[in-house]
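> Sending over a structure as C-alpha cells; questions will come in a sec.
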Amino acid sequence: NIQAAKQTPSLLPLCHPIALNRVAIEAVLQPDEHAIELFCIAEIAAQTGVEMEALTAVTVAALTIYDMCKSHDREMTITDVRLIEKSGGKSGHYVRGE
C-alpha cells in the first residue's frame, strides 16, 4: 500500500509530498472474532512526521479487504483506525496510552 501512502497529499489538505523509505502493512487474522487486525509501519529519513501516510495506507488496506469480501458479508465494519506509536517530526516520540 505504498501507493496509498503516496497519495496522502492529494487526499488530505496541508499534507505535503514526502519521500517514503518504507511502507509495510501487516495483517493479523483474528478467526475467533471473525476479524482482521491491520498495522502499518511507515518510515522516512527526513525530519517530518509520517503518521498521515501510515493512517492513509492502513485505511486503504482495510477498504481493499472490504471490497474483496463484500460479496460474502456487507455488514463488515472498519473500526478503530488510530495511531499507536510515532517517532520523529516536530512533536517527537508518541506512544498511545491504553
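If you count the sequence shown from 1, position 31 lands on 180 in the working numbering, and the numbers rise without skipping.
Even glycine gets a Cβ: it sits at the ideal position worked out from N, Cα and C.
(1) Measure the C-alpha to C-alpha separation of P318 and A203 and round it to an integer number of angstroms.
(2) My parser needs the alpha helix (DSSP H) runs of 4 or more residues fully inside the region 193-241; what are they?
(3) Taking only three categories from DSSP, how would you classify I167?
(4) So for Q179, helix, strand or coil by DSSP?
(5) Write down the C-beta distance between I174 and A206 rounded to the nearest angstrom, noting that I regard them as a contact closer than 8 Å.
(6) Alpha carbon to alpha carbon, how far is H242 from Y215? Give it in angstroms, no decimals.
The relevant details are as follows:
(1) Any property of residue 318 remains undetermined from this structure, which presents the chain solely from 150 to 247.
(2) 200-218
(3) For the purposes of this step, residue 167 is taken as the residue at position 18 of the sequence shown. Reduced to three states, the DSSP call for I167 is coil.
(4) On the sequence shown, residue 179 is found 30 positions in, with the first residue counted as 1. In this structure, Q179 counts as strand in the three-state DSSP scheme.
(5) Here residue 174 corresponds to residue number 25 of the sequence shown, with the count starting at 1. Here residue 206 corresponds to residue number 57 of the sequence shown, with the count starting at 1. Confirmed, Cβ separation roughly 6 Å.
(6) As a first step, residue 215 is located in the sequence shown; it is residue number 66 there, counting from the start. As a first step, residue 242 is located in the sequence shown; it is residue number 93 there, counting from the start. Computed Cα separation, rounded: 32 Å.
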